[in-house]
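Novice: Its first residue numbered 24, the first sequence is counted upward by one per residue in this note's numbering. Heads up, the beta-carbon is just placed ideally off N, CA and C, and yes, glycines get one too. For clarity, every value in this text was computed on a predicted model and none was experimentally measured. Take this structure first; my questions come after.
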Amino acid sequence: MRLRFAPSPTGQLHVGNARTALFNWLLAAGQGGTFILRIEDTDLERSSRESEQAILEDLRWMGLDWTEGIEAGGDHGPYRQTERLHMYRAYAVELLSSGAAYHCFCSAEQLEADRQAALAAGRPPKYAGRCRSLSRDEARRRIDGGEKAVIRFRVPEGHRDIVFNDLVRGEVRFSTEVIGDPVLVRSDGIPAYNYAVVIDDALMEITHVIRGEDHISNTPRQLLLYEAFGWRPPIFAHVSLVMGPDHSPLSKRHGATSVAEFRARGYLPEALTNYLALIGWSPGADEEVLPISELATRFRIEDVGHSAGVFDVEKLAWVNRHYLKAAAPARLAQLAIPYLRQAGWVSELMDRDLTYLESVIPIAAASVDRLEQIPARLSFLFDYSADRSLQNGSIAQEAHESAAVIESLARELETSAPLLDRDAFRAMAKRVQQSSGAKGKALFHPIRLALTGEAEGIELDIAVPAIERGAQLSQSGIRRIVSAGKRAAEFAAALRSR
RNA sequence: GCCGGUAUCGUCUAGGGGUUAGGACGGUUGGUUCUCAGCCAUCAAACCGGGGUUCGAAUCCCCGUACCGGUACCA
24 MRLRFAPSPT
34 GQLHVGNART
44 ALFNWLLAAG
54 QGGTFILRIE
64 DTDLERSSRE
74 SEQAILEDLR
84 WMGLDWTEGI
94 EAGGDHGPYR
104 QTERLHMYRA
114 YAVELLSSGA
124 AYHCFCSAEQ
134 LEADRQAALA
144 AGRPPKYAGR
154 CRSLSRDEAR
164 RRIDGGEKAV
174 IRFRVPEGHR
184 DIVFNDLVRG
194 EVRFSTEVIG
204 DPVLVRSDGI
214 PAYNYAVVID
224 DALMEITHVI
234 RGEDHISNTP
244 RQLLLYEAFG
254 WRPPIFAHVS
264 LVMGPDHSPL
274 SKRHGATSVA
284 EFRARGYLPE
294 ALTNYLALIG
304 WSPGADEEVL
314 PISELATRFR
324 IEDVGHSAGV
334 FDVEKLAWVN
344 RHYLKAAAPA
354 RLAQLAIPYL
364 RQAGWVSELM
374 DRDLTYLESV
384 IPIAAASVDR
394 LEQIPARLSF
404 LFDYSADRSL
414 QNGSIAQEAH
424 ESAAVIESLA
434 RELETSAPLL
444 DRDAFRAMAK
454 RVQQSSGAKG
464 KALFHPIRLA
474 LTGEAEGIEL
484 DIAVPAIERG
494 AQLSQSGIRR
504 IVSAGKRAAE
514 FAAALRSR
């Protein structure tokens, strides 16, 4: 079994395409097949090496590795279409000499006029066949005379149905009546998509073509080409497209659409792939959050749904949270650094000593949708200011009402040992309760205000040890970190002076 | 216009001639003697419409409607 993903390097990898790539990968991985990566860069104006590199990077990031293709090599190369031009040319000559293809000299204006006329008459707007019966000599003469020509495929005379059994859609039938002679090679000698795919898929011995539904009506044209060459076509599977919340094709106005954007926002690759697999497919047994390897063993292309699916950012966030909680602290710390650096909270020194970050990151990661939100979640550690907090009306009011608790807290922390675990924190809170008389919400809320400067957020018995640990590293690059005791004192002083 | 495809809670889906139509995300309400989150529990929420076949249709068939794709010297 040989499968391929064949993106055009004309921009970022779209999540819809990423999903198609994933389905190919899943099938290959689950069946012990080969996953091949080919680059379809025949659109010279829009293709770029930068996009190509970006796409490879995104694919690798998602874990969709390929063992054959671009940068991996293999026996069926080259894997970039612009490097296969000689092959397309050779097969075009073959088609030309057998009469299965012919030169066409029609101008763009003429073609457009024909199209409009056909449309107006309610006929399928296919190529009218003006150059179909030009003799080879005539064509030769005009080409020698300097005229530009495209090479068109001659769709066989007489109406018949082209039928193929699509693995996700079942039997699909098209009449040749509505198929105009497709352009194989453009006037600049570059092959058109419908031609290049056939040559490549055949030569690369692709057995299963899983692609977007937007290609389904190209399939009969391609089948005709396989037939003309006497080649056995691959098995096709056309998967539906991914839509935005308004049920129109997912695009920029819906927000992030490319893999790169999701990565930049701090989604984990395993979360994105897991979620993408869930659009239009179900692993069954009421389970959804599964590692990619498990997805691969369960995946059957026949089980992919027929209808287009809406991309649900909320559910993606949920899946991501799941993986965030499961991720190793060291990995999270490493991944969070760019975001913290952007917020200005991490120095070079910090990069060298990740111990503190590693102890603190899981606290934030457990209650955040994406890595991008970690700095905000951790601002109580890096950006504490008693004065600023008290400028908030509701916080100030609450603090004043609880002044007794806060004073008691400040005294308690001044003398107590560092609170490095939950038990120590609980014991401390108990003592504050005894001296202030407050309990429950009236006790813990003021403590939070004083220590984090925020009215809500992290669980206190986790946050306090984090603050204490931060204090030990305060001189090595973390700004504004103070011990819990100093914070409480600072807050109490600020409160008194108001 | 023409050709093709699709249709189960708001969303992703399971199921499929007789079911209390199941799950997940999101939402509701309550619990977890501090908060967001989490977790537990709870509730609300669906078979596009119309015909036909049948004892019985959400399921099979037809028609309609809506949506998506194609209709390129773009892929």
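(1) Tell me whether LEU264 sits in a helix, a strand or coil according to DSSP, three-state version.
(2) Alpha carbon to alpha carbon, how far is GLY508 from SER497? Give it in angstroms, no decimals.
(3) Please classify THR378: is it buried, with 16 or more other beta-carbons within 10 angstroms of its beta-carbon, or exposed?
(4) For ARG164, count neighbouring Cβ atoms within 10 angstroms of its own Cβ and tell me buried if that reaches 16, exposed if not.
(5) Do you know how far the Cα of LEU87 is from the Cα of PRO101?
(6) Name the two residues that bound the continuous beta strand (DSSP E) containing ASP204.
(7) For the pair the region 242–259 and the region 164–183, tell me if three or more CB-CB distances fall below 8 angstroms.
(8) Bridge partners of HIS231, per DSSP?
(9) Is DSSP giving PHE58 helix, strand or coil here?
(10) Three or more C-beta pairs under 8 angstroms: does that hold for the region 413–421 against the region 470–485?
(11) For PRO469, count the other beta carbons within 10 Å of its own beta carbon; 16 or more makes it buried, fewer makes it exposed. Which is it?
(12) So what does ARG175 bridge to, in DSSP terms?
(13) I believe GLY307 touches ARG321 by the beta-carbon criterion, under 8 angstroms. Please report the beta-carbon distance rounded to the nearest angstrom.
(14) Just the Cα atoms here: how many angstroms apart are ILE429 and GLY267?
(15) For ASP189, which of helix, strand or coil comes out of DSSP?
(16) Do HIS109 and SER281 have their CB atoms nearer than 8 angstroms?
(17) Output the boundary residues of the alpha helix (DSSP H) element that contains GLU421.
(18) If I measure Cβ to Cβ from ALA29 and keep anything under 6 angstroms in the same chain, skipping five residues before and after, which residues do I get?
(19) For the structure I just gave you, are there three or more beta carbon pairs, one from the region 178–196 and one from the region 250–259, closer than 8 angstroms?
(20) Considering Cα atoms alone, identify which of GLY169, GLY289 and GLU317 is closest to ALA53.
(21) In terms of residue numbering, what span does the alpha helix (DSSP H) encompassing ALA507 cover?
(22) Between which two residues does the alpha helix (DSSP H) harbouring TRP304 extend?
(23) If I'm right that HIS345 touches SER263 with Cβ under 8 angstroms, what's the distance once you round it to whole angstroms?
(24) In the DSSP assignment, what are the bridge partners of HIS37?
(25) Pull up the distance between the alpha-carbon of ALA388 and that of ASP484, whole angstroms please.
(26) What do you get for ILE166, buried or exposed, if any count of 16 or more other CB atoms within 10 angstroms of its CB means buried?
(27) What's the C-alpha gap between MET24 and LEU142?
(28) Hey, out of ALA419, PRO205 and TYR150, whose CA is closest to GLU525's CA?
(29) Beta carbon of GLU395, beta carbon of PRO352: below 8 angstroms?
(30) Would you check if the distance between the CB atom of VAL208 and the CB atom of ALA113 is smaller than 8 angstroms?
(31) Going by the CB atoms, is the gap between LEU358 and TYR298 shorter than 8 angstroms?
Specialist: Short version:
(1) coil
(2) For SER497, the predicted model reports a pLDDT of 46, less than 50, meaning its position is unreliable; a value from the coordinates is still stated below. Those two C-alpha atoms are separated by around 14 angstroms.
(3) exposed
(4) Label assigned to ARG164: exposed.
(5) 20 angstroms
(6) Run containing ASP204: none; DSSP gives neither H nor E here.
(7) yes
(8) LEU26 and ILE258
(9) strand
(10) yes
(11) Burial call: buried.
(12) TYR125 and VAL206
(13) 7 angstroms
(14) 50 angstroms
(15) strand
(16) no
(17) Counting along the chain, the alpha helix (DSSP H) containing GLU421 begins and ends at 416–424.
(18) ARG61 and GLU63
(19) yes
(20) The amino acid occupying residue 53 in the given sequence is Gly; Ala does not appear at that position. Ranking the options by Cα distance to GLY53, first place goes to GLU317.
(21) 507–519
(22) TRP304 -> no alpha helix (DSSP H), and no H or E assigned at all.
(23) Not really, about 26 angstroms apart at Cβ, beyond 8 angstroms.
(24) HIS37 is bridged to SER281.
(25) 16 angstroms
(26) exposed
(27) When rounded, the separation of the alpha-carbon atoms in MET24 and LEU142 is 43 angstroms.
(28) With the chain represented from 24 up to 521, any question about residue 525 goes unanswered, as that position is not in the structure.
(29) no
(30) no
(31) Going by C-beta atoms, TYR298 is not nearer than 8 angstroms to LEU358.
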